[in-house]
Every structure is written in structure tokens, then in C-alpha cells.
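Reading through the C-alpha cells given below for one structure.
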Amino acid sequence: MQLRATFRRSPRKLVIRLILGLSLVAIVVLHQLSFNDQFLLCGRLSESIKVVEACPRSNIKTNNESLRGTSLGIPSVLHQIWKTNDVYTYSAEASHASWKAKLEPMNYTVKLWTDNDILRLVKVKYPWLLSTYEGYSQNIQRADMARLIVMHSEGGIYADLDVYPVSVDELLCLQHLGLRTVFAPTTGDLGLSNHFFMAEQGSDFLQWALYEGKRRGGPLSKQILLPYLRVFWSTGPLMVTSAFRKYSWMYSTSDHKLGVLGAGYGGSVIRHAAGRSWHGLDGYLLNYFADHVRAESLWVGVYVFVAVLALVAILCRYRWRNIRCR
Numbered sequence: 088m089q090l091r092a093t094f095r096r097s098p099r100k101l102v103i104r105l106i107l108g109l110s111l112v113a114i115v116v117l118h119q120l121s122f123n124d125q126f127l128l129c130g131r132l133s134e135s136i137k138v139v140e141a142c143p144r145s146n147i148k149t150n151n152e153s154l155r156g157t158s159l160g161i162p163s164v165l166h167q168i169w170k171t172n173d174v175y176t177y178s179a180e181a182s183h184a185s186w187k188a189k190l191e192p193m194n195y196t197v198k199l200w201t202d203n204d205i206l207r208l209v210k211v212k213y214p215w216l217l218s219t220y221e222g223y224s225q226n227i228q229r230a231d232m233a234r235l236i237v238m239h240s241e242g243g244i245y246a247d248l249d250v251y252p253v254s255v256d257e258l259l260c261l262q263h264l265g266l267r268t269v270f271a272p273t274t275g276d277l278g279l280s281n282h283f284f285m286a287e288q289g290s291d292f293l294q295w296a297l298y299e300g301k302r303r304g305g306p307l308s309k310q311i312l313l314p315y316l317r318v319f320w321s322t323g324p325l326m327v328t329s330a331f332r333k334y335s336w337m338y339s340t341s342d343h344k345l346g347v348l349g350a351g352y353g354g355s356v357i358r359h360a361a362g363r364s365w366h367g368l369d370g371y372l373l374n375y376f377a378d379h380v381r382a383e384s385l386w387v388g389v390y391v392f393v394a395v396l397a398l399v400a401i402l403c404r405y406r407w408r409n410i411r412c413r
């Protein structure tokens with residue numbers, strides 16, 4: 088009789104636990120929704136930035152005719168960042184040698200910054216960022232901020248180690264297009280990616296992006312459950328894109344000459360191997376989702392992923408308790 092009563096009560100307990108579990112999942116999802124920046128998905132980039140679909144051949148000059156050596160224009164310096172001077176410890180074939188082979192004969196300077204170099208630069212020129220920079224939980228967050236710091240400090244061109252040169256002529260042409268900052272696009276042309284970009288020294292927009300990174304670098308970002316999304320929101324493309332949206336809303340971007348490479352044109356300038364060496368399981372799953380559905384639905388995928396993960400955890404915990412009770 089006691090066994091029958093227990094059996095009868097078990098479904099009721101299961102339903103109650105499921106209701107409580109789903110309520111908890113709903114609370115978690117709503118909390119994560121609070122990080123969905125209102126500026127992020129408010130229209131395509133083409134509405135507020137110059138999309139570069141081609142570069143006029145008349146803009147191509149030699150570096151002897153360029154603006155290098157003056158206070159104007161994008162300097163002919165390419166910056167890359169790695170932990171040490173040994174790029175062979177990178178998880179894939181590093182592009183550093185390719186850039187040197189392509190650019191140095193054209194009178195470009197190719198610089199490799201190490202972690203120690205970046206830390207010295209922050210301490211000397213950006214002490215207001217030091218606590219934020221050192222406080223990041225993941226190295227990729229420091230790498231994201233480091234590229235913005237270097238480019239604001241010196242200007243030039245930044246390329247990840249998994250970004251390879253395609254045409255130096257196109258690169259040189261972009262430098263003389265009259266734009267002060269040029270970014271590569273994210274999937275679907277909805278945002279600005281930080282794997283490749285160009286900027287003048289002391290760029291006002293990069294200064295704005297550094298302030299935005301500082302604002303997002305505190306305890307707030309730690310409330311985001313998925314590590315991949317936490318990185319993207321605090322220092323990565325989501326942060327840069329949100330900074331741009333706010334910047335363009337605050338100022339007239341037509342006066343600030345900001346640009347983004349068109350999806351059909353970017354491949355004429357660079358090739359991105361998308362190493363994704365720092366991604367965890369959540370990063371691979373979300374990237375798969377983003378690659379196979381409309382980019383606007385990425386946040387939906389994030390919330391579905393969080394909800395399913397939380398529900399599975401609740402069910403596994405319930406099952407484990409039942410096994411232990413037996």
C-alpha cells in the first residue's frame with residue numbers, strides 16, 4: 088500500500104518540479120534578455136555607415152605618394168597580437184609571415200605586439216583602463232580590448248592571426264578612400280567585426296568604443312551565463328557594434344567618415360580563416376546556429392540554448408535524486 092501511495096504521489100511531484108523548473112528557466116531567459124542592447128539590431132548598418140562595395144582604382148597610390156608621415160590618414164602599419172613573439176605557438180598557421188611578405192616590400196611596417204607590450208602600453212597611456220583590462224576572466228577579452236587600444240594609440244591596420252592578405256592594392260586603396268575608420272562586417276552585415284579593421288591614430292570612434300568596453304567590463308558582464316556570449320557582449324563584436332550604434336545616434340556619422348567592407352567586397356581585400364581557437368561548446372553551437380539561420384535570429388538561438396540547457400540540468404538533477412533514493 089505504501090509503495091502504491093508513493094507511486095501515485097510521484098507524478099504529482101514531477102509536475103510540480105517541472106512547473107518550478109520551467110518558471111526558473113523563464114526567469115533566467117528574461118534576465119538574459121535584459122542584455123539585448125536596444126541599439127544593436129535597430130536596422131542594417133547601411134542606414135548609418137558607408138558600405139564599401141568597391142574601391143576606385145584611381146585611389147591606388149604607392150606608399151611614397153601616401154599620407155604616411157603626416158598627421159592625416161590611416162598609417163601604413165599593420166598590427167597583430169599574440170601572447171609572445173613566437174607565433175608558431177598559435178593554434179593554426181599564423182598569418183604574420185604572409186603579411187610581412189606582402190607588405191614590407193611596399194614600405195609597410197608589420198608589428199607584432201605581445202601581452203607584455205600591451206600591458207606596458209596600458210599602464211603608460213591608458214591607466215584608466217588598467218583595472219578593467221587586468222580584471223577580465225578570459226584572455227580573449229584582453230585581446231579584444233588590446234587591439235582597440237593599439238589602434239587608438241598608433242592607428243593603422245589590425246588583423247587577427249587567422250586573417251590573411253589577398254590584395255595589397257585594395258588595402259592601399261582603402262587607406263586613401265577618405266574614411267577614418269573601416270571595419271570588416273559580421274555575418275549578415277548586421278554588425279562590425281573586430282578581426283580586421285583600419286583606423287586613423289587617435290580615432291574618436293575607437294575612443295568611444297574603449298569607454299563602452301570600460302563600462303561593460305565590470306561585474307555586469309559576469310551575469311551573462313554563456314562564456315561565448317559574455318565575451319562578445321563585453322569586448323567583442325557585440326560591444327563594438329553597440330558602441331557604433333550609440334556613436335552614430337549621438338553624432339552624425341556622415342561627419343565622422345566611418346565605413347564597413349561590403350560582404351561581396353571584403354574577400355577582395357582579406358581572407359578570414361575563422362580559427363575560433365578560444366571557443367567552447369557554447370561558441371561552436373551558437374556559431375553553427377548563426378551560420379544556418381538568419382543573423383537576426385541569433386538572440387533567439389541564445390535564449391533557446393539557455394532554456395534547453397537549464398531544463399536538461401533540472402531533469403538530470405531530478406533523475407539523479409531518484410536513482411540515489413533507490
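Here our numbering is used: the first residue of the sequence shown is 88, the next is one more, and so on.
For glycine and all other residues, C-beta sits at the position ideal for the given N, C-alpha and C.
Quick one: residues in its chain with C-beta nearer than 6 Å to the C-beta of residue i, no 5 flanking neighbours on either side, listed in chain order?
i: Arg358; result: Tyr251 and Val253
i: Ala360; result: Asp249
i: Thr196; result: Val164
i: Gly278; result: Pro324 and Thr328
Relative to the C-alpha of residue i, which residue among the options is closest?
i: Gln294; options: Leu261, Ala141, Ile236 and Lys187; result: Ile236
i: Thr273; options: Arg317, Gly323 and Leu312; result: Gly323
i: Gln327; options: Glu191, Leu297 and Asn203; result: Correcting the residue type first, residue 327 is Val in the shown sequence and not Gln. That would be Leu297, whose Cα lies nearest to the Cα of Val327.
i: Leu259; options: Cys142, Ala330 and Leu277; result: Cys142
i: Lys170; options: Ala330, Leu217, Ser321 and Arg234; result: Arg234
i: Asn203; options: Asn172, Val255 and Tyr177; result: Asn172
i: Lys187; options: Tyr177, Ser178 and Lys198; result: Lys198
i: Ile168; options: Leu190, Val139 and His282; result: His282
i: Val255; options: Val356, Thr201, Lys137 and Phe331; result: Val356
Where DSSP assigns a beta bridge to residue i, which residues make up the other side?
i: Trp200; result: Ile168
i: Thr268; result: Ala286 and Leu345
For residue i, count neighbouring C-beta atoms within 10 Å of its own C-beta (all shown protein chains included) and say buried if the count is 16 or more, exposed if not.
i: Glu221; result: exposed
i: Ser280; result: buried
i: Tyr175; result: exposed
i: Gly354; result: exposed
i: Ala184; result: exposed
i: Ala181; result: buried
i: Ala271; result: buried
i: Arg317; result: buried
i: Gln262; result: buried
i: Leu217; result: exposed
i: Lys210; result: exposed
i: Trp336; result: exposed
Might you give, ordered along the chain, the residues of its own chain that have their beta carbon closer than 7 Å to the beta carbon of residue i, omitting 5 neighbours on each side?
i: Ser240; result: Leu208 and Lys212
i: Tyr334; result: Phe292 and Trp295
Report the three-state DSSP secondary structure of residue i (helix, strand or coil).
i: Lys187; result: helix
i: Ser280; result: strand
i: Val356; result: coil
i: Lys137; result: strand
i: Pro214; result: helix
i: Trp243; result: The amino acid occupying residue 243 in the given sequence is Gly; Trp does not appear at that position. Strand at Gly243.
i: Tyr251; result: strand
Sorted by chain position, which residues of the same chain lie with C-beta nearer than 8 Å to residue i's C-beta, five sequence neighbours on each side aside?
i: Met238; result: His166, Tyr245, Phe284, Ala286, Ser290 and Leu293
i: Thr219; result: Met232, Gly300, Lys301, Gly304 and Gly305
i: Gly242; result: Ile161, Pro162, Val164, Ala286, Glu287, Gln288, Gly289 and Ser290
Does residue i get closer than 8 Å to chain C when you measure Cβ to Cβ?
i: Val318; result: Included in the structure is just one protein chain, with no chain C present.
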